[in-house]
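S.K.: Each residue of the sequence shown is one higher than the one before, counting from 2 in the working numbering.
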Amino acid sequence: MQEIKKQIIDALEALRPELLEMSHDIHDHPELGFEEYHAISLIRAQLEKHHFAITDNFCGMETALKATFAGKGDGPHIAFLAEYDALPGVGHGCGHNVIATCAVGAAIGLSKVMDNFCGKVSLIATPAEESGGGKAIMVDKGGFDDVDFAMMIHPSTGRSLIGRGGRAAVIIGVEFEGKNAHSSRPERGINALSAVIHLFNTIDLVRPTLDMYDNINGVITHGGLASNIIPGFASCKFAVRANTMKELEHLSQIIQDAAAAAEKITGAKAKVDVGPFYAERYPNLTMGEKFKENMALLGEEMELAKPGAYGSSDVGNVSIKLPAIHEYLSIGPSTVNAHSKELAACAISERADTVCIKGAEGLAMTGVDILSSQELRDAIKAEHEKSVPDFYKK
Ligand SMILES: [Zn+2]
Ligand SMILES: [Zn+2]
């Protein structure tokens, strides 16, 4: 192994106690998206201690930051991405404390050898992955404009994987404002629940014409309070998924048109709230293979994911803009489901602690590979250029 990679491993092994303390502290204080004040203060403290230049409120988000450490001159900019939001009811059931620790550790580890390289390393702390699309907001606000390569890991169960894709997704909420009336005199009211039911039926009507990979799942979040009252308010929510963000725009329009049709026929006023678009993911395999090689040096086996994409993450938006990886490191058996209390328990297990440190080391070592080789940088960029569809290129 290169001497410089050994230096990174030594530095991170020495920091193991404080990095794991941060991981467990984030886990013990689960915070929902855009409310991650405790987590961001812990992340900030670590980076400040290791002499990073910090930009708070990055891209206008209070629980985001960018922390940068410069090398010996101008050169490539590598960013490690941290997530740290939790889920309602199941706390860190997605294990984002592990993501944060790997990213912070990787940035600090790489900073310790940056005097060998031209370029810079950043930790970008990205809030609200689960619901608010923090990275999508950052991409839109230019937060990644000066970044050349982005890397992160996500904890998983079963086998550790590289190159897993993700689908495009958006949450769309619809509210209908009608008018209450006694149920014996429905003609005096405006039935908002009828509008919701109309909307569901219209979507089902269109469903057979959709692409087989398109997926719209709806729930009624408010359907009235009593059966002897004509509901004056009703609301619903749809999780919409598609292979590409472009296709997602089409599905979003269908829901908006169907809501307008329901308003027209029932008289209940529709209010449609389209959430941030989570783009599909373009995992950079050239970078992923390097990460896999480095994890093998650390005694961790990874394999290439089978084709097919199900879940969604706002790292997709980053992967359209620049070469990015979001690789999966296993912290438990495949019988444990994501977004569960069981996964939350795995996220502070001995295995998760090992992943926190080894993941940080593997990411930082991949940073060394990228900073050391123009040939590798060119290959990564060429793959990115080839894999991202032309309709995203302005
Ligand atoms: Zn997650
Ligand atoms: Zn999740």
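Don't be surprised by glycine CBs; every beta carbon is placed ideally from N, CA and C. Remember, it's a predicted structure, so these values are computed and weren't measured experimentally.
In chain order, what residues of the same chain lie with their CB nearer than 6 Å to the CB of residue 349, ignoring the 5 residues before and after it?
M.R.: As a working mapping, residue 349 is identified with position 348 in the sequence shown. Contacts found: 25, 28.
S.K.: Under DSSP, the beta strand (DSSP E) around residue 280 begins and ends at which residues?
M.R.: Against the sequence shown, residue 280 aligns to sequence position 279. Counting along the chain, residue 280 falls outside any beta strand (DSSP E), and DSSP gives it neither H nor E.
S.K.: Consider the C-beta atom of residue 131 and the heavy atoms of ligand 4; say whether any pair is separated by less than 7 Å.
M.R.: No copy of ligand 4 occurs in the structure displayed; its ligands are ligand 1 and ligand 2 alone.
S.K.: So is the beta-carbon of residue 104 under 7 Å away from any non-hydrogen atom of ligand 2?
M.R.: Translated into the one-based positions of the sequence shown, residue 104 becomes position 103. No, Cβ of residue 104 sits at least 7 Å from all heavy atoms of ligand 2.
S.K.: Nearest CA to the CA of residue 326: which residue from 341, 292, 187?
M.R.: Locating residue 326 in the sequence shown gives position 325, counting from the first residue. It is 292 whose Cα lies nearest to the Cα of residue 326.
S.K.: Would you mind working out which of 51, 289, 386 sits nearest residue 363, comparing C-alpha positions?
M.R.: Counting from one through the sequence shown, the residue named residue 363 turns up at place 362. When each option's Cα is compared against that of residue 363, the closest is 289.
S.K.: Does the beta-carbon distance from residue 35 to residue 128 come in below 8 Å?
M.R.: For the purposes of this step, residue 35 is taken as the residue at position 34 of the sequence shown. For the purposes of this step, residue 128 is taken as the residue at position 127 of the sequence shown. For residue 35 and residue 128, yes; Cβs fall inside 8 Å.
S.K.: Let's test the definition: count the other Cβ atoms within 10 Å of the Cβ of residue 187 and tell me whether it reaches 16, buried, or not, exposed.
M.R.: Taking the first residue of the sequence shown as position 1, residue 187 is located at position 186. Exposed: under 16 other Cβ atoms inside 10 Å.
S.K.: Tell me the DSSP secondary structure of residue 337 in three-state form.
M.R.: Counted from its first residue, the sequence shown places residue 337 at position 336. It is coil, neither helix nor strand.
S.K.: So which of 153, 40, 343 has the shortest CA-CA distance to residue 90?
M.R.: Position 89 of the sequence shown, counting from 1, holds the residue named residue 90. When each option's Cα is compared against that of residue 90, the closest is 343.
S.K.: For residue 378, I'd like the list of residues in its chain whose CB is within less than 7 Å of its CB, leaving aside the five on either flank, ordered along the chain.
M.R.: Position 377 of the sequence shown, counting from 1, holds the residue named residue 378. 77, 371.
S.K.: Only counting the same chain, and skipping five residues up and downstream in sequence, which positions put a Cβ closer than 6 Å to that of residue 189?
M.R.: For the purposes of this step, residue 189 is taken as residue 188 along the sequence shown, with counting starting at 1. 182.
S.K.: Could you give the C-beta distance for residue 44 and residue 83, rounded to a whole number, given that I count them as a contact under 8 Å?
M.R.: As a first step, residue 44 must be located in the sequence shown, where it is residue number 43. As a first step, residue 83 must be located in the sequence shown, where it is residue number 82. Confirmed, about 6 Å.
S.K.: Helix, strand or coil: which one does DSSP assign to residue 349?
M.R.: As a first step, residue 349 must be located in the sequence shown, where it is residue number 348. Residue 349 falls in the coil class under three-state DSSP.
S.K.: For residue 338, count neighbouring Cβ atoms within 10 angstroms of its own Cβ and tell me buried if that reaches 16, exposed if not.
M.R.: Walking along the sequence shown from the start, residue 338 turns up at place 337. So residue 338 ends up on the exposed side.
S.K.: Should residue 347 be listed as close to ligand 1, given that the test is whether its C-beta is under 7 Å from any heavy atom?
M.R.: Sequence index remark: in the sequence shown, residue 347 carries index 346 (1-based). It does not: the Cβ of residue 347 is nowhere closer than 7 Å to a heavy atom of ligand 1.
S.K.: Just checking, does the stretch 315-325 make contact with the stretch 147-158 on the three C-beta pairs under 8 Å criterion?
M.R.: yes
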